[in-house]
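All residue numbers for the sequence shown refer to the UniProt record's numbering, where the first residue is 1 and numbers rise by one.
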Amino acid sequence: MTDRRPAAEPPSHRARRRRGRPSPEAPPITGHGHGHGHGHGPAEPASKQVKRVLAVMLVPFALATVLGVLLLYPFGHHQRTGADLGFGQSPVNAEVVSAVAGSCTEDAPEQGGCVHLGVRMADGPRPGRTIQQVVPTDPGTPRFAVGDQVVLSYSGADPDDPSAYQVVDFQRGTPLLVLALVFAAAVLVLGRWQGFAALIGLGLSFVVLVGFVLPAILAGQDPLLVAIVGAGLIMFAVLYLTHGVSARTSTAVLGTLLSLAMIGLLSAVFSAATSLTGLDEDTSSLMGVLGAPIDARGLLLAGIVIGALGVLDDVTVTQTSAVWELRRANPTLSWRQLYSAGLRIGRDHVSSAVNTLVLAYAGAALPMLLAYTLSGRTFAQIVTSQAVAQEVVRTLVGSIGLVAAVPITTAIAAAVAVREPAQRPRRSGVSVADRVGRAAATGATSATVRSRAPHRRPGPR
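In structure tokens, the structure reads:
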């Protein structure tokens, strides 16, 4: 009987086939594989080397930030209050119980129109008492209706004299609280625990601005130096709190730091080249109130730096997350492939971010632009005026830093990611796009607030 079993495969063929199939249990090779017996053991994992390099680059900046806070914070300095500066008014909450249109004075009823308000005080020196207020109805006067919650300014004079009070604003606490709760809920629904950390980071940003930046500037410290130190403190604290201590976060911090340095340099150069003094209406009023000189141009640069930080960390976090997720999805990508793919994502992101930045500044300056348009000046005269040129420099410098942040951060992220141990994609039911989107949303949570904060005008005039 003929034996029909297949002929035995030569040993050399089996060996070649085994060598061509890597074992799934084999660990990744992290050292150099020349196979000589020098006895110096396996090389250090690439991830540890990368983390050490990142630490060497970032730790000095972190220490300099802490040292800057200690040197610039006004320890023992008496913080002047409104009473010290001649503002003796105190706010009193009240409710409008009547609103009747009429003449401003009984002696001259033909001179303009006014609204006669009956307001019942909820607190202050005479809670529960109703007083009469006469408010001129000029074009800038809001409309009052029964039930409106308003704020009175009490001068400190005779509390029974209605002339000691003046309607200055509306109460907005309740609707703002509702809006804040809706905002927090939206962040938590999308970001989950990372969104919760982003909200904590947003609170820390507010604490740094109110607890360090403002007191240090009011104490006479250099505004630009204070802004740089404050931005560094916000950057380190918020990014590491929100995204954790990792090589990925350190990459975003490094990209933000380099881009922020470029923005600071460009803003200093072009504010000097365009002879911007920073003496707008708000700054001039502040100097008059303080009764002391203040570096107006430094205050302008400080606003640019802090405002740019809010947009930069959004871009750098998104780019870093995109590169890491690309690496996770395809561990075989080289540095060049990762950089090219990440840069394509960044181009789409930066085009919309720059447009957002320009429109945000234009929206904030819309009343000023309308006033200049009605003045009859030419477009060139409007753009080169002090107030508008200041916003132009702020916008263009921030946009340049935003554009530069994409290739800078993508290059660093690709260089770090290819040296990290390759990880297989997790089967968590969450796509790569979802993970990148959550990182972008948590980064943008505090970014929007910080980018708009320096350009807000103080309360009602």
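Cβ coordinates follow ideal geometry from the N, Cα and C atoms, glycine included.
(message) If distances are taken between C-alpha atoms only, which option among V146, S334, A272 and D161 comes closest to I131?
(response) D161
(message) Between the alpha carbons of D313 and A197, how many angstroms are there, rounded?
(response) 15 Å
(request) Since I believe A145 is in contact with V96 (beta carbons under 8 Å), could you give me their beta-carbon distance rounded to a whole number of angstroms? (result) 7 Å
(message) Distance check for L152 and V393, CA to CA, integer angstroms please.
(response) 39 Å
(message) Once DSSP output is grouped into helix, strand and coil, what is the label at P91?
(response) strand
(message) I'd like the span of the beta strand (DSSP E) that includes R120, first residue to last.
(response) C114 to M121
(request) Mind listing, in chain order, the continuous beta strand (DSSP E) runs of no fewer than 3 residues lying wholly within the stretch 150 to 223? (result) 165 to 170
(request) For Q386, count neighbouring Cβ atoms within 10 angstroms of its own Cβ and tell me buried if that reaches 16, exposed if not. (result) exposed
(request) Have a look at P27 and P421 and give me their C-alpha separation to the nearest angstrom. (result) In this prediction, P27 scores a pLDDT of 38, lower than 50, which makes its location untrustworthy; the coordinate-derived value is nonetheless stated afterwards. Taking the straight line from one Cα to the other gives about 10 Å.
(message) Taking a contact to mean a Cβ-Cβ separation below 8 Å, would you say T409 touches G255 in this structure?
(response) yes
(request) Could you tell me the distance, in whole angstroms, from the CA atom of A411 to the CA atom of W335? (result) 8 Å
(request) Report buried or exposed for Q381, applying the criterion of at least 16 other Cβ atoms within 10 angstroms of its Cβ. (result) exposed
(request) Measure the Cβ-Cβ separation of V315 and A405 and say whether it is below 8 Å. (result) yes
(message) What does the alpha-carbon distance come out to for the pair V354 and L396?
(response) 9 Å
(request) Return the Cβ separation of S205 and V182 in integer angstroms, given the expectation that the two are a contact with Cβ distance under 8 Å. (result) No, S205 and V182 are not in contact; Cβ-Cβ is about 20 Å, not under 8 Å.
(message) Short of 8 Å in beta carbon distance, which residues of its chain neighbour R126, apart from the five on each side in sequence? Order them along the chain.
(response) P159 and D160
(message) By the three-class DSSP mapping on this structure, what secondary structure does T395 have?
(response) helix
(request) Pull up the DSSP beta-bridge partners for A101, would you. (result) V115
(message) Let's see if you can read the secondary structure: which residues bound the alpha helix (DSSP H) around T130?
(response) Premise fails: T130 lies in the beta strand (DSSP E), T130 to P136, not in any alpha helix (DSSP H).
(request) Select from A157, F212 and D348 the residue whose C-alpha is nearest the C-alpha of G232. (result) F212
(request) Using three-state DSSP, classify V317 as helix, strand or coil. (result) helix
(request) Spell out a yes or no on whether the stretch 217 to 231 and the stretch 244 to 253 are touching, meaning 3 or more CB-CB pairs, one atom from each, closer than 8 Å. (result) no
(request) Give me the Cα-Cα distance between L188 and L199, rounded to the nearest whole angstrom. (result) 9 Å
(request) Classify A180 as buried or exposed, calling it buried when 16 or more other Cβ atoms lie within 10 Å of its own Cβ. (result) exposed
(request) Using the Cα positions of A415 and L326, report the straight-line distance between them to the nearest angstrom. (result) 13 Å
(message) Given this structure, state the Cα-to-Cα distance separating G264 from A272, to the nearest angstrom.
(response) 12 Å
(message) Check this for me: beta carbons of G401 and A308, under 8 Å apart or not?
(response) yes
(request) Output the distance between the C-alpha atoms of K48 and A227, rounded to the nearest integer angstrom. (result) 33 Å
(request) Reducing DSSP to helix, strand and coil, say where V96 ends up. (result) strand
(request) Could you check if A94 is buried or exposed, using at least 16 other CB atoms within 10 Å of its CB as the buried criterion? (result) buried
(request) Taking only beta-carbon positions, decide if G310 is within less than 8 Å of chain D. (result) Going by chain labels, chain D is absent from the structure shown, which holds only one protein chain.
(message) For A184, which residues in the same chain have their Cβ closer than 7 Å to its Cβ, ignoring the five residues on either side in sequence?
(response) L199
(message) Among D148, R192 and Y165, whose alpha-carbon lies nearest the alpha-carbon of G156?
(response) Y165
(message) Check this for me: beta carbons of V92 and M57, under 8 Å apart or not?
(response) no
(request) Please report the Cβ distance between P136 and C114, rounded to the nearest whole angstrom; I am assuming they are in contact, meaning their Cβ atoms lie under 8 Å. (result) 5 Å
(message) Are the CB atoms of S259 and Y154 within a distance shorter than 8 Å?
(response) no
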